[in-house]
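The structure appears right after this line, and notes come after that.
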Amino acid sequence: MSNILAIAHKELKNYFATPIGYVLVGFFTLLFGWFFYTMLWYFERQSMQMASMGMMGEAPTMNVNEQLIRPAFMNVSVILLLTMPLITMRLYSEEKRSGTIELLLTSPLTDFQIVIGKFLGSMALYAIMLSVTLLHIAILYVYGNPEWRPIAAGYLGLLLMGGCFVAVGLFISSMTRNQIVAAMATFGVFLLLWVINWIAPSITNPTVQAVVNYLSFTDHLNDFVSGVVDTAHLCYYVSFIAFGLFLTARSVDSERWRG
Amino acid sequence: MIEVQHLTKRYGPFTAVDDVSFRVERGEILGFLGPNGAGKTTTMRVLTGYMPPTEGRAIVAGFDVLDQPIEAKRRTGYLPETPPLYPDMTVRDYLDFVAKIKGVPRGERKKRLAEAMERTRIADMAKRHCGKLSKGYRQRVGLAQALLHNPDVLILDEPTAGLDPKQIIETRQLIKQLAGDHTIILSTHILPEVSQTCQRVVIINKGRVVAVDTPENLTSRLRGSESMYIQVDGMGADVQAALAAVPGVTRVALAETRGTAAAFEVDSETGRDIRRELAAAVVTRGWGLLELRPVRMSLEEIFLSLTTDEARPAPEAAPAAEEPHE
Numbered sequence: 015m016s017n018i019l020a021i022a023h024k025e026l027k028n029y030f031a032t033p034i035g036y037v038l039v040g041f042f043t044l045l046f047g048w049f050f051y052t053m054l055w056y057f058e059r060q061s062m063q064m065a066s067m068g069m070m071g072e073a074p075t076m077n078v079n080e081q082l083i084r085p086a087f088m089n090v091s092v093i094l095l096l097t098m099p100l101i102t103m104r105l106y107s108e109e110k111r112s113g114t115i116e117l118l119l120t121s122p123l124t125d126f127q128i129v130i131g132k133f134l135g136s137m138a139l140y141a142i143m144l145s146v147t148l149l150h151i152a153i154l155y156v157y158g159n160p161e162w163r164p165i166a167a168g169y170l171g172l173l174l175m176g177g178c179f180v181a182v183g184l185f186i187s188s189m190t191r192n193q194i195v196a197a198m199a200t201f202g203v204f205l206l207l208w209v210i211n212w213i214a215p216s217i218t219n220p221t222v223q224a225v226v227n228y229l230s231f232t233d234h235l236n237d238f239v240s241g242v243v244d245t246a247h248l249c250y251y252v253s254f255i256a257f258g259l260f261l262t263a264r265s266v267d268s269e270r271w272r273g
Numbered sequence: 116m117i118e119v120q121h122l123t124k125r126y127g128p129f130t131a132v133d134d135v136s137f138r139v140e141r142g143e144i145l146g147f148l149g150p151n152g153a154g155k156t157t158t159m160r161v162l163t164g165y166m167p168p169t170e171g172r173a174i175v176a177g178f179d180v181l182d183q184p185i186e187a188k189r190r191t192g193y194l195p196e197t198p199p200l201y202p203d204m205t206v207r208d209y210l211d212f213v214a215k216i217k218g219v220p221r222g223e224r225k226k227r228l229a230e231a232m233e234r235t236r237i238a239d240m241a242k243r244h245c246g247k248l249s250k251g252y253r254q255r256v257g258l259a260q261a262l263l264h265n266p267d268v269l270i271l272d273e274p275t276a277g278l279d280p281k282q283i284i285e286t287r288q289l290i291k292q293l294a295g296d297h298t299i300i301l302s303t304h305i306l307p308e309v310s311q312t313c314q315r316v317v318i319i320n321k322g323r324v325v326a327v328d329t330p331e332n333l334t335s336r337l338r339g340s341e342s343m344y345i346q347v348d349g350m351g352a353d354v355q356a357a358l359a360a361v362p363g364v365t366r367v368a369l370a371e372t373r374g375t376a377a378a379f380e381v382d383s384e385t386g387r388d389i390r391r392e393l394a395a396a397v398v399t400r401g402w403g404l405l406e407l408r409p410v411r412m413s414l415e416e417i418f419l420s421l422t423t424d425e426a427r428p429a430p431e432a433a434p435a436a437e438e439p440h441e
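Residue numbers (the working numbering), protein chains in the order written: chain D, 15 to 273; chain S, 116 to 441.
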C-alpha cells in the first residue's frame, strides 16, 4: 500500500512541478465557469418566464437540480473528453522515453502497484479539478435550495466516468513512448466510446443495439446526474476501470518479455 | 552471491545473449567487458529483473530473479546506462521517492539519504532539479539511487561514462570502497578501468562469454610464451643468428630496422628468464645493446584478439574511450 501511495504522490506532485497541473485545472475552471454561467443565465430567464406564466394561473415548476446542475454536470464530460488525454498521456510514455521505467521495474514493486499508483495519482488531479465545481454548487445553495442527494450521485458518476477515462488513457500510454501518439489515440477512443450509441437507432438487431447503447460512456452518466445510483451503471464503470488497469498491467508485462 | 546459468536472451530472431554462465562471489567486483552491443546491458537487465531471460537462470543474493523477483530486487541496486532521473524532481525528493519504493523503512530514510548523498558527494545539489544537473552529477545521483537501500548486490552499467577524469577516479575509488560490503558487477568498455577496479573480468562478445579470469591471468595466459623486445646496434642477420643461438629461445623475428640498428622480438620458453643471456650474447660480440624489455600483451590487445575475427589487429584499432550513443 505504501508503495502505491508513493507512486501516486509522485505522479500528483509531478503535475504541479510542471505547468501541466496548473494549466489543466485553470482551463477546466474557466470552461466549467463559462458553461455554468450561460446555463445559469438561461435558467434564470426561464424561471422568470415561468413566473410570469404562473401569474396567469398555470405554474409549471422549475427544478434547479434537473434543469441547471444536471446539464452542467453533463457538460463536464465534454471538458473531460478534451482534458483527460492530456492528464494521462505522459503517465507511462514519459517514463519509457526517459528510461525511468527501468527504475520502477527494477524496484521491489509489482506491476499492479505501479499501475494503481499511477491511476490514483491522476485521479487525485481529476478530483482537484472537480472540487473547483463545488464552488459553483455552493453559490446555488446561497440563492436557492437544491437537493443534495442528486448532486452527490452526480459527483460519484463524474468520478467514476473520469476513472474510466484515466484507465483507458493509462493503458494507451503504456503502449507507446510518444506522448502525442498516446494523447491522440486516447482522445480517439474516448470520442468513439462517446458517440458509439449514435448508430444504435439504425441497428435492427435488438441485442447488438443494446450492447452498443451499453458501451457508451454518457448513457451511464445520465442516470447518476439525475440522482439515480443504479448498480448496473456502477458495475459498468467499475468493471471498465478494473479491465483498463488489468490491460495496462499486462501491457507493461508483455513489454518486458518482448524487451 | 550472483549466479548466472546458461542465460540466453533472444529478441525475436536476434540472440542478444547466448548461453552465458558465470558466478560472482560475495564482496567481489566483477568487470563486464565487451564492445558495444555485446550483450552487457541485456545481461544486466536480466539480473535486475527488468526483463526475463529466454532461457537459463539468474540467481541474485540467493533469489531467482524470475521466481522471486521482489526479494531479488530488494537486494539489488541498479544504475542503468542512463541514470533514471525525473527531471522535474529535486535531488532530495527524487532520492526520497526511490527510498520509499525500494522499501527503506520510514525511520531510516533520512539517515540513508544523507549517507548516500555524502558518499556520492551530491549533498550540495540536494535542492537542485535533476533535469538541471550536469552529466557528472546526474551519474552520481544515479549511483546514490542505487546505494540508497544498502543492497547486497550492485549492478552498474557503465558507471563512469560521461564523467571527467577527476570524477572517473573518484567514482572508481568509491566503487572499490563499496566492494566488501557489496557484491558489484560493473560493465565497461574502458579497459584500464577493469584492470584498476575489478578482481575478475568476464569478456563478452556477440552475446557469448569469451573469457573469465583475473586481469593479471588474462594478460599472461594469452601469451603462450614469454616475449622480449630487443634492439641491437649491429649487423642484422648476424644478430638474429646470435640471438637464436641463446639457450631457451624458441623464435627470433625481425621487428624493425633503424639505420644500423635492428629490433627483434624474441620468444622463449615460459617461466625462463633469458634477459641476462641475451644481453651477454650481444655485448660479448661487441654490438651495442640499445633496448631490452619484456613484451606483455596489454588488456587492449587481449580484448581485441578475443573480440575480433582478425588474427592480429593493428594497435590503432584499439577501442576509443568514448562510446557513441546507441
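A virtual CB, placed ideally from N, CA and C, is assigned to each residue, including glycine.
> Taking contact to mean at least 3 C-beta pairs separated by less than 8 Å, is the region 182-192 of chain D in contact with the region 208-217 of chain D?
Replying inline: no
> Using a C-beta to C-beta distance shorter than 7 Å, which residues of chain S count as neighbours of threonine 32/D?
Replying inline: What you label residue 32/D is simply residue 18 of the first sequence in a count that begins at 1. What threonine 32/D touches in chain S: Asp203.
>> Less than 8 Å between CB atoms is the rule here; does methionine 232/S satisfy it with respect to chain D?
In response: Residue mapping note: residue 232/S aligns to position 117 of the second sequence, counting from 1. By this cut-off, methionine 232/S is not an interface position.
> Run through DSSP, which three-state label would proline 202/S get?
Replying inline: What you label residue 202/S is simply residue 87 of the second sequence in a count that begins at 1. Looking at proline 202/S - three-state DSSP - the assignment turns out to be coil, as it is neither helix nor strand.
> In chain order, what residues of the same chain lie with their CB nearer than 7 Å to the CB of alanine 426/S, ignoring the 5 residues before and after it?
Replying inline: Counting from 1 along the second sequence, the entry for residue 426/S is found at position 311. Because the pLDDT of alanine 426/S is 41, which lies under 50, any placement of that residue in the model is unreliable, and the question is left without a value.
> Going by other Cβ atoms of all chains shown within 10 Å of its Cβ, with 16 needed for buried, is methionine 62/D buried or exposed?
Replying inline: Taking the first sequence and counting its residues from 1, one reaches residue 62/D at position 48. Under this definition methionine 62/D is an exposed residue.
>> Between Thr43/D, Ser230/D, Ala166/D, which has its C-alpha nearest arginine 84/D's C-alpha?
In response: Mapped onto the first sequence, residue 84/D falls at position 70. Of the candidates Thr43/D, Ser230/D, Ala166/D, the one whose C-alpha sits nearest the C-alpha of arginine 84/D is Ala166/D.
> Can you tell which of Ile290/S, Asn151/S, Ala376/S, Leu145/S has its C-alpha closest to the C-alpha of lysine 321/S?
Replying inline: Position 206 of the second sequence, counting from 1, holds the residue named residue 321/S. Per the Cα distances, Asn151/S.
> Any residues in the region 106-123 of chain D with a beta carbon nearer than 7 Å to a beta carbon of chain S? Which ones, in chain order?
Replying inline: Gly113, Thr114, Glu116, Leu117, Leu119, Thr120, Ser121, Pro122, Leu123
> Which chain S residues sit within Cβ distance under 8 Å of asparagine 28/D?
Replying inline: As a first step, residue 28/D is located in the first sequence; it is residue number 14 there, counting from the start. In chain order: Tyr201, Asp203, Met204.
> At least one CB of chain D closer than 8 Å to the CB of histidine 440/S: is that the case?
Replying inline: Here residue 440/S is taken as the residue at index 325 of the second sequence, counted from 1. Caution applies to histidine 440/S, whose pLDDT of 45 falls short of 50 and renders its modelled position unreliable; the value that the coordinates give is listed next. For histidine 440/S, the answer is no, since every Cβ of chain D falls outside 8 Å of its Cβ.
>> Cutting at 6 Å between CB atoms, please list the residues of its own chain near arginine 366/S, excluding the five before and the five after it.
In response: By one-based count along the second sequence, residue 366/S stands at place 251. So the qualifying residues of the chain are Asp382.
> Whose C-alpha, out of Gly171/S, Ala153/S, Gly164/S, is nearest the C-alpha of histidine 121/S?
Replying inline: What you label residue 121/S is simply residue 6 of the second sequence in a count that begins at 1. Closest by alpha carbon: Gly171/S.
> Could you give the distance in angstroms between the alpha-carbon of threonine 156/S and the alpha-carbon of alanine 214/S?
Replying inline: As a working mapping, residue 156/S is identified with position 41 in the second sequence. As a working mapping, residue 214/S is identified with position 99 in the second sequence. Each residue's alpha carbon lies about 24 Å from the other.
> When the Cα of glutamate 196/S is compared with those of Thr372/S, Leu306/S, Arg255/S, which residue comes out closest?
Replying inline: As a working mapping, residue 196/S is identified with position 81 in the second sequence. Out of Thr372/S, Leu306/S, Arg255/S, Arg255/S has the C-alpha closest to the C-alpha of glutamate 196/S.
> Are the beta-carbon atoms belonging to valine 347/S and glutamate 392/S less than 8 Å from one another?
Replying inline: If you number the second sequence from 1, residue 347/S lands on position 232. If you number the second sequence from 1, residue 392/S lands on position 277. Not in contact: valine 347/S and glutamate 392/S (Cβ atoms no closer than 8 Å).
> Can you give the beta carbon distance from lysine 110/D to glutamate 25/D, rounded, assuming they're within the 8 Å contact cut?
Replying inline: Taking the first sequence and counting its residues from 1, one reaches residue 110/D at position 96. Taking the first sequence and counting its residues from 1, one reaches residue 25/D at position 11. So it is not a contact: roughly 15 Å between Cβ atoms.
>> Can you list, in chain order, the residues of its chain with a C-beta nearer than 6 Å to that of leucine 119/D? Leave out the 5 residues immediately preceding and following it.
In response: For the purposes of this step, residue 119/D is identified with residue 105 of the first sequence, where counting begins at 1. For leucine 119/D, where only same-chain residues beyond five positions count, there are no Cβ hits under 6 Å.
> According to DSSP, what are the bridge partners of leucine 145/S?
Replying inline: In the second sequence, residue 145/S corresponds to position 30, counting from 1. Answer is Ile300/S, Arg315/S, bridged to leucine 145/S.
> Quick one: which chain D residues come within Cβ less than 8 Å of tyrosine 252/S?
Replying inline: Here residue 252/S corresponds to residue number 137 of the second sequence, with the count starting at 1. Result: empty, since nearest Cβ-Cβ is about 17 Å, beyond 8 Å.
>> Please report the distance separating the alpha-carbon of leucine 289/S from that of lysine 27/D.
In response: For this step, residue 289/S is matched to residue 174 along the second sequence. For this step, residue 27/D is matched to residue 13 along the first sequence. About 33 Å.
> Is it buried or exposed for alanine 261/S, if we count other Cβ within 10 angstroms and need 16 for buried?
Replying inline: Within the second sequence, residue 261/S is the residue found at index 146, counting from 1. Flag for alanine 261/S reads buried.
> With contact counted as at least three CB pairs below 8 Å, one residue from each stretch, are the region 155-171 of chain D and the region 78-93 of chain D in contact?
Replying inline: yes
> Smallest Cα separation from aspartate 267/S: which of Gly177/S, Asp279/S, Thr205/S, Glu308/S?
Replying inline: Translated into the one-based positions of the second sequence, residue 267/S becomes position 152. Taking only the C-alpha atoms, the option nearest aspartate 267/S is Gly177/S.
> Below 8 Å, can you find three or more Cβ-Cβ pairs linking the region 125-139 of chain D to the region 185-200 of chain S?
Replying inline: no
> Leaving out the 5 sequence neighbours to the left and right, which residues in its chain are closer than 7 Å to phenylalanine 179/D when beta-carbon positions are compared?
Replying inline: Stepping through the first sequence from its first residue, residue 179/D is reached at position 165. Leu94, Met98, Phe204, listed in sequence order.
> If you follow the alpha helix (DSSP H) that arginine 190/S is part of, which residue opens it and which one closes it?
Replying inline: What you label residue 190/S is simply residue 75 of the second sequence in a count that begins at 1. Where arginine 190/S is concerned, there is no enclosing alpha helix (DSSP H), given that its DSSP letter is neither H nor E.
>> Which residues in chain S have a C-beta closer than 8 Å to the C-beta of arginine 270/D? List them in chain order.
In response: On the first sequence, residue 270/D is found 256 positions in, with the first residue counted as 1. Simply Tyr165, Met166, Pro167.
> In its own chain, which residues sit with a C-beta less than 6 Å from the C-beta of threonine 43/D, not counting the 5 before and 5 after it?
Replying inline: Taking the first residue of the first sequence as position 1, residue 43/D is located at position 29. The residues are Val146.
> Roughly how far, in whole angstroms, is the beta-carbon of alanine 394/S from the beta-carbon of leucine 405/S, given that I think they are within contact range, below 8 Å?
Replying inline: For the purposes of this step, residue 394/S is taken as the residue at position 279 of the second sequence. For the purposes of this step, residue 405/S is taken as the residue at position 290 of the second sequence. Rounded, the Cβ-Cβ distance is 11 Å, inconsistent with contact.
>> On the criterion of 16 or more Cβ atoms from any shown chain inside 10 Å, does leucine 210/S qualify as buried, or is it exposed?
In response: Reading the second sequence from its first residue, position 95 is the one you call residue 210/S. Buried, since its Cβ has 16 or more Cβ neighbours within 10 Å.
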